[in-house]
Each structure stands twice: as structure tokens, then as C-alpha cells.
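So the structure is just underneath, and the comments pick up after that.
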Amino acid sequence: MTGNLTPRKLLETMSQSVGEAGIPSPLVTGTDPFNVLVGTVISLRTRDAVTEVVTERVLSSLPNPDKMSVASEAELASLLRPAGFFNRKAVQLKKIAGILLDKHKGSVPSDRSELEALPGVGGKTAAYVLSMAFGIPAICVDVHVHRISNRLGLIHTGTPSESEEALKLFFPKELWIPLNHVFVRFGQRQCLPLGPLCSSCPFKGWCSYAD
Ligand code: SF4
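Position in the sequence shown counted from 1, then plus 1035, gives you my numbering.
What follows is the structure in C-alpha cells.
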């Protein structure tokens, strides 16, 4: 149930309610896929501000798979600190760089199953890389997307991978790429994980979670 809103109107309303002009165009397509992949691995369990600083530091020192694959895990870990699980990510990024060189001629694959075969890369990261680096429609389901779409009653799912499949049926393909950006902003400013601001929410009249 979405009141009388179409999926597009729902996304537009969500975007406008947190001060954005509307649904953004696909954001980062054209960006170096290696940079997107490294940044996305770093972002897991890490705040946005830390991700930004750490990703820039790692990529300034180790800007390609050749350099990353020969860096020591200790060097990578020291560049990655204070990102969450920096020791584990150091191991993963070094292995990823090696696999890219051995199996993909030093490039990031644009195939979902090949992406998900890389260490530390799950469905969320693969979808983000496909959509943001290659412009291939995919829904990146993070905690915000999973929480908000279930609160709103758009879907009724228990896991992010179930949510991805259900949301693909709800939203038309042309909205898959910008969806994550809109939901994340809405989740950070309106539909907060704890204490969502329902009284000022444009969906409070029909949202299944609102008081
Ligand atoms: S009404 Fe509340 S729970 Fe529902 S989407 Fe808005 S902020 Fe989130």
C-alpha cells in the first residue's frame, strides 16, 4: 500500500522531503570501477566521513591493482585505519587486487557472480559497483533500504537479499540505480533507525510503521 503514490512519485516525495530537488540521475557512472570497488569495501561498517578520508588515502598510495597487490598487509592496514575491521579489509583488498590481475587482466569485472566471488564482496557491494561504476541497473540494499521499505510496507522481507528481489518487482528498472541514494538520505534525515520522525513524514498517513 502506498496511498495513491506511484513508485516514481514515492521516490520523488522521499527525496524532496529531505531537501533534494528530486530523484538524482545515476551518480557516479564513469568513475573508475577499481576506485568504486575499493571505496565500497572500505565503507562496510564504517561511517561515511571516515570512508571518504580512508578511501582517498588508500587510493593515493595504491591507485591500481598492480600496486595494491604488492603492498604488505601491514601497509594496507595502516592506510585503512580507523575504518572498521581494517585488518580484515587489508587482507581482502590485497587478495582482490591479486585476483583482478590473475583472472580479469587487472580490471574489475562487470558480472555480478564474478564480483561476488571476490573476497569481502557480497550482494550489496556487487550491486553498488554494477550500478555506480558500470551503470548496470541493480538495487543496492543496505540497512536503510531494507529498513525503510519494510517499515513503509512496500515489501515484507527478512533479509537484504530477499528485499532486493522484492524491490525489483516493486520499482521499475529505471529507478534501481538512484534508489539507494534516495533511501540513504531519507534514512539519515527522516526515517532514522531509532526514533523515526514520523510526525513530519509525508508518508505518515499510510505508513504501516508510523504511530
Ligand atoms: S512514517 Fe515514520 S516509519 Fe514511516 S517512513 Fe515516515 S519516518 Fe519512516
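Every residue, glycine too, gets a C-beta built ideally from N, C-alpha and C.
Identify whether residue i lies in helix, strand or coil by the three-state DSSP scheme.
i, result
"residue 1099", "coil"
"residue 1064", "With a pLDDT of only 47 at residue 1064, under 50, the local geometry of the prediction cannot be trusted, and the value read off the model is given with reservation. If DSSP states are grouped into helix, strand and coil, residue 1064 belongs with coil."
"residue 1081", "coil"
"residue 1048", "helix"
"residue 1192", "coil"
"residue 1037", "strand"
"residue 1043", "helix"
"residue 1124", "helix"
"residue 1109", "helix"
"residue 1227", "coil"
"residue 1242", "coil"
"residue 1076", "helix"
"residue 1054", "coil"
"residue 989", "The structure shown does not extend to residue 989, since the chain spans only 1036 to 1246, so no value can be given for it."
"residue 1094", "helix"
"residue 1236", "coil"
"residue 1089", "helix"
"residue 1222", "helix"
Between residue i and residue j, which are expected to be in contact by the criterion C-beta below 8 Å, what is the C-beta distance as a whole number of angstroms?
i, j, result
"residue 1133", "residue 1104", "5 Å"
"residue 1138", "residue 1195", "Between residue 1195 and residue 1138 the Cβ distance is about 27 Å, and since that is not below 8 Å, they are no contact."
"residue 1147", "residue 1168", "The Cβ separation is near 12 Å, so there is no contact."
"residue 1068", "residue 1164", "6 Å"
"residue 1101", "residue 1136", "7 Å"
"residue 1155", "residue 1071", "So it is not a contact: roughly 14 Å between Cβ atoms."
"residue 1172", "residue 1208", "5 Å"
"residue 1054", "residue 1240", "Incorrect: roughly 21 Å between the Cβ atoms, too far for contact."
Between residue i and the ligand SF4, is the CB less than 6 Å from at least one heavy atom?
i, result
"residue 1125", "no"
"residue 1244", "yes"
"residue 1117", "no"
"residue 1238", "yes"
"residue 1229", "no"
"residue 1225", "yes"
"residue 1043", "no"
"residue 1186", "yes"
"residue 1233", "yes"
Pairs of beta-carbons, one from the segment 1110-1117 and one from the segment 1198-1211, closer than 8 Å: are there three or more?
no
Starting from the N-terminal side, write out each stretch of the alpha helix (DSSP H) that is 4 residues or longer and does not extend beyond the segment 1129-1214.
For the alpha helix (DSSP H) assignment, the uninterrupted runs of no fewer than 4 residues enclosed by the segment 1129-1214 are, from N- to C-terminal side, 1147-1151, 1158-1169, 1178-1186, 1195-1205.
Counting Cβ pairs closer than 8 Å, one from the segment 1118-1131 and one from the segment 1176-1188, do we hit at least three?
no
State whether the segment 1036-1054 contacts the segment 1076-1084, with contact taken as three or more CB pairs (one from each stretch) at a distance under 8 Å.
Judged by Cβ distances under 8 Å, the segment 1036-1054 makes no contact with the segment 1076-1084, as fewer than three pairs qualify.
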